[in-house]
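Protein chains in written order, with the numbering used here: chain A, 1 to 229; chain B, 1 to 229. What follows is a short report on a single structure.
There are 2 protein chains.
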Amino acid sequence: MCVASKNSAIVLFSGGLDSTTTLAIADKNSSDLIALTLNYSQKHHFEIEASKKIIKKYKNVCHVIFDVDLAKIGGSALTDDSIKVPESETTKGIPITYVPARNTIFLSIAAAYAEKNNIKDIYIGVNSIDYSGYPDCREEFIKSFEETINLGTKRGVEGKSIKIHTPLIHLKKSEIISEGIKLDVDYSLTLSCYEPSLSGEACGKCDSCHYRKEGFRDAKISDPTIYKK
Amino acid sequence: MCVASKNSAIVLFSGGLDSTTTLAIADKNSSDLIALTLNYSQKHHFEIEASKKIIKKYKNVCHVIFDVDLAKIGGSALTDDSIKVPESETTKGIPITYVPARNTIFLSIAAAYAEKNNIKDIYIGVNSIDYSGYPDCREEFIKSFEETINLGTKRGVEGKSIKIHTPLIHLKKSEIISEGIKLDVDYSLTLSCYEPSLSGEACGKCDSCHYRKEGFRDAKISDPTIYKK
Chain A
1 MCVASKNSAI
11 VLFSGGLDST
21 TTLAIADKNS
31 SDLIALTLNY
41 SQKHHFEIEA
51 SKKIIKKYKN
61 VCHVIFDVDL
71 AKIGGSALTD
81 DSIKVPESET
91 TKGIPITYVP
101 ARNTIFLSIA
111 AAYAEKNNIK
121 DIYIGVNSID
131 YSGYPDCREE
141 FIKSFEETIN
151 LGTKRGVEGK
161 SIKIHTPLIH
171 LKKSEIISEG
181 IKLDVDYSLT
191 LSCYEPSLSG
201 EACGKCDSCH
211 YRKEGFRDAK
221 ISDPTIYKK
Chain B
1 MCVASKNSAI
11 VLFSGGLDST
21 TTLAIADKNS
31 SDLIALTLNY
41 SQKHHFEIEA
51 SKKIIKKYKN
61 VCHVIFDVDL
71 AKIGGSALTD
81 DSIKVPESET
91 TKGIPITYVP
101 ARNTIFLSIA
111 AAYAEKNNIK
121 DIYIGVNSID
131 YSGYPDCREE
141 FIKSFEETIN
151 LGTKRGVEGK
161 SIKIHTPLIH
171 LKKSEIISEG
181 IKLDVDYSLT
191 LSCYEPSLSG
201 EACGKCDSCH
211 YRKEGFRDAK
221 ISDPTIYKK
């Protein structure tokens, strides 16, 4: 059971590069964070293990792992055994790694925790520059969700609105990494890869590895990721 | 695995009076329904059993029970062992039976099924006349959610928008019951009570029993509910 305080916030925290940077930013701004990791039966389940390792460094963070079995719904290369994770996609449009309504589901669960614990602030590490083109990572979606949740919760109706923070939304991947380095993020522990080995080595080929690699290169920071041989 | 067709729809279906009426309405309008029942660790878990009995009558409905453990979040008399289900509440404001962000979570999961199965229509039996004052049963919330989900899904971005139907929203409880009777709903199988006995007898005292009893009385229809002695 996490104990919230007046200055608490909730961070959606997958164990990846973006959400770990977001956690570090939120940790600077708030005390007594709740880091909410969704175990959604993702194939890259190793990110749950990554999240557990990363969180040890943050003293005032309560880590919650919440199960929601999106593999039962399927329809994404990240959750559906019948769909292969592609190598970095060059086709336009929304890629097959998009998970149906994922961020709406995750933000809804975060909002439930916010409501229960009397918390105003939710952080999510969405980014609409170096990203895979997922509709639920765009600013207009987040702003709309914020309006909706303030109509659909007690907090909202009582005027104590929920605020969704997206500190990475307009940053390039290289800028995210530079920001994280300033905040002492250990990127060697984070997992971005959609298809890692059982021991967490990144494939180096999927979309997410592609953006991560480019980010370290552009930031002129040595990439600590261990890639499969 | 449910098989969807061009005329499919998804119905959020709890096994209660409102959602069963909504199911009957959707069944009239669509073929190959997916009835989505959320097992959210509700104390009145008997409603899941009710949903299984009710669904047997509907031939073209695929029943999906999806787990999302809202008791882990708590904060409601319906999910939290430390909060007692009250007798019918006369105090104003949002009652303690309100479950934080429940309909946002449920609609998000329904939207994920819609996205995966290429379905446009989602039905939800919310009602803002004879209801407990939950913020996420109001029309303005539903309309806002519809906008949000169309910004946050592939369907929406591609112009194949998701439509959320609320056929009961402006009906009195008695009107809902009259409509259901016309559609041959067997209300003896439905469970509305927040605190039923283990065998499904209604308490007769909670808010939900209160509105249900009044509904049958006002509709001048014999109440088939079995109440605890």
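C-beta: ideal position from N, C-alpha, C; glycine also. If you're wondering where the values come from, they're calculated on a predicted model, not measured in any experiment.
Determine the chain A residues that contact LYS173(B) at a beta-carbon separation under 9 Å, and present them in chain order. As a working note, residue 173(B) is residue 173 in the second sequence. For LYS173(B), none of the residues of chain A pass the 9 Å Cβ criterion, the least Cβ distance being about 22 Å.
| query | Taking just the CA atoms, how far does ILE119(B) sit from LYS234(B)? | reply | As shown, chain B starts at 1 and ends at 229. That puts residue 234(B) outside it, with no answer to give.
**Study point:** HIS63(A) (DSSP reduced to helix, strand or coil)
**Key:** The residue you call residue 63(A) lines up with position 63 of the first sequence. Residue state, collapsed to three classes: strand.
Bridge partners - TYR227(B), DSSP secondary structure assignment:
As a working note, residue 227(B) is residue 227 in the second sequence. Looking at the DSSP assignment, TYR227(B) forms a beta bridge with ALA202(B).
**Asked** With DSSP run on the structure shown, which of helix, strand or coil describes TYR123(B)?
**Response** Counted from its first residue, the second sequence places residue 123(B) at position 123. In the structure shown, TYR123(B) sits in a strand (DSSP, three-state: E or B).
According to DSSP, simplified to helix, strand and coil, what is ALA9(A)?
As a working mapping, residue 9(A) is identified with position 9 in the first sequence. Three-state result, ALA9(A): strand.
Should ALA26(A) and VAL3(A) be called a contact, given that it needs their Cβ atoms to be closer than 7 Å?
Translated into positions along the first sequence, residue 26(A) becomes position 26. Translated into positions along the first sequence, residue 3(A) becomes position 3. The Cβ-Cβ distance between ALA26(A) and VAL3(A) does not fall below 7 Å.
Practice task
Flag TYR113(A) as yes if its beta-carbon sits less than 7 Å from any beta-carbon of chain B, otherwise no.
Solution key: By one-based count along the first sequence, residue 113(A) stands at place 113. It does; some Cβ of chain B falls within 7 Å.
- Task: Please list the partners that GLY281(B) has in chain A, where partner means a Cβ-to-Cβ separation under 8 Å.
- Result: Since the first residue of chain B shown is 1 and the last is 229, residue 281(B) is not available in this structure.
Worksheet entry | Whole-angstrom distance between ALA112(A) and ILE149(A), CA atom to CA atom | As a working mapping, residue 149(A) is identified with position 149 in the first sequence. As a working mapping, residue 112(A) is identified with position 112 in the first sequence. As the crow flies, the alpha-carbon of ILE149(A) is around 10 Å from that of ALA112(A).
Report yes or no: is there a C-beta of chain A within less than 7 Å of the C-beta of VAL157(B)? As a first step, residue 157(B) is located in the second sequence; it is residue number 157 there, counting from the start. Yes - at least one Cβ of chain A is within 7 Å of the one on VAL157(B).
What's the C-alpha gap between LYS116(B) and ASP223(B)?
-> The residue you call residue 116(B) lines up with position 116 of the second sequence. The residue you call residue 223(B) lines up with position 223 of the second sequence. Their Cα atoms are separated by approximately 40 Å.
**Asked** Helix, strand or coil for ILE162(B) per DSSP?
**Response** As a working mapping, residue 162(B) is identified with position 162 in the second sequence. DSSP places ILE162(B) in coil when its eight states are reduced to three.
- Please say whether SER128(A) and CYS137(A) have beta carbons closer to each other than 7 Å? For the purposes of this step, residue 137(A) is taken as residue 137 along the first sequence, with counting starting at 1. For the purposes of this step, residue 128(A) is taken as residue 128 along the first sequence, with counting starting at 1. Yes, they are a contact pair.
- Query: Below 7 Å between beta carbons: does that hold for CYS209(A) and LYS228(A)?
  - Reply: As a position in the first sequence, residue 209(A) is number 209, starting the count at 1. As a position in the first sequence, residue 228(A) is number 228, starting the count at 1. Taking 7 Å as the Cβ cut-off, CYS209(A) and LYS228(A) do not qualify as a contacting pair.
Discussion item. Any contact between the segment 25 to 39 of chain B and the segment 53 to 69 of chain B? By contact I mean 3 or more CB pairs, one from each, below 8 Å.
Written reply: The segment 25 to 39 of chain B and the segment 53 to 69 of chain B touch, with no fewer than 3 CB-CB distances between them shorter than 8 Å.
Looking at the secondary structure, which residues open and close the alpha helix (DSSP H) in which ASN117(A) lies? Along the first sequence, one-based indexing puts residue 117(A) at 117. Note, ASN117(A): alpha helix (DSSP H), 102 to 117.
Among SER192(B), ASP80(B), ALA110(B), whose alpha-carbon lies nearest the alpha-carbon of ILE96(B)?
Residue 96(B) sits at position 96 when you count from the first residue of the second sequence. Nearest C-alpha to ILE96(B): ASP80(B).
Handout entry: Any chain B beta carbon closer than 7 Å to PRO95(A)
Key = As a position in the first sequence, residue 95(A) is number 95, starting the count at 1. Not a single CB atom of chain B sits nearer than 7 Å to the CB of PRO95(A).
query: Which residues in the same chain have their Cβ closer than 7 Å to the Cβ of GLU87(A), if we skip the five residues on either side of it in sequence?
result: Here residue 87(A) is taken as the residue at index 87 of the first sequence, counted from 1. Within the same chain, GLU87(A) has close Cβ partners LYS205, CYS206.
Strictly below 9 Å CB to CB, what residues from chain B border LYS205(A)?
Taking the first residue of the first sequence as position 1, residue 205(A) is located at position 205. Residues of chain B with a Cβ closer than 9 Å to the Cβ of LYS205(A) do not exist; the shortest Cβ-Cβ separation is about 23 Å.
What residue range is occupied by the uninterrupted beta strand (DSSP E) comprising LEU38(A)?
Along the first sequence, read from residue 1 onward, the residue named residue 38(A) stands at position 38. For LEU38(A), the enclosing beta strand (DSSP E) covers residues 33 to 39.
For GLU87(A), which of helix, strand or coil comes out of DSSP? By one-based count along the first sequence, residue 87(A) stands at place 87. Three-state result, GLU87(A): coil.
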